[in-house]
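Q:
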Amino acid sequence: MFKTNSYFDDKVISIAFENQEGKATVGVMAPGEYTFGTTSVEFMTVVSGEMHVQLPGSDDWKNYKPFETFKVEAEKSFNVKVTTDTSYRCIYK
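Positions 498 to 590 (the numbering used here) are the ones given, in order, by the sequence shown.
1. Within its chain, find whatever has a CB closer than 7 angstroms to the CB of Ser-503; leave out the 5 residues flanking it on each side and keep chain order.
2. For Met-526, count neighbouring Cβ atoms within 10 angstroms of its own Cβ and tell me buried if that reaches 16, exposed if not.
3. Across the stretch 547-556 and the stretch 511-519, are there enough close Cβ pairs to call them in contact, namely three or more that are closer than 8 angstroms?
4. Please state whether DSSP places Val-523 in a helix, a strand or coil.
5. Taking Cβ positions, are Tyr-442 and Thr-542 nearer each other than 8 angstroms?
6. Could you give the residue range of the beta strand (DSSP E) that holds Glu-515?
This is the structure we're talking about:
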């Protein structure tokens with residue numbers, strides 16, 4: 498079954514699902530700056546658009562474009578900036 502999630506006054510919306518690969522979400526982000534927290538390891542892949550990401554423990558920002566993936570460990574938070582509507586897929590391990 499699918500579950501819809503909405504964050505940051507509907508500026509980030511995702512659909513959660515589970516299949517043979519495990520738990521995942523697909524979603525969209527409107528332009529803005531966001532801080533996300535993790536409960537498990539997350540592998541986030543940009544599908545369209547671009548994300549500027551500051552990973553835990555880093556002062557640097559890195560750009561991720563379509564088909565690029567970054568990993569965030571469990572129980573961490575990370576910052577994201579998007580300047581255009583951006584879509585993503587997140588796999589939880």
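Note that beta-carbon positions come from the ideal geometry of N, C-alpha and C, so glycine has one too. Computed from a predicted model, the values in this text were never measured in an experiment.
A: Looking at the coordinates:
1. Ile-510.
2. When all chains shown are included, Met-526 counts as buried.
3. No contact exists between the stretch 547-556 and the stretch 511-519.
4. strand
5. No statement about residue 442 is possible, as the shown extent of the chain runs from 498 to 590 and does not include it.
6. 509-516
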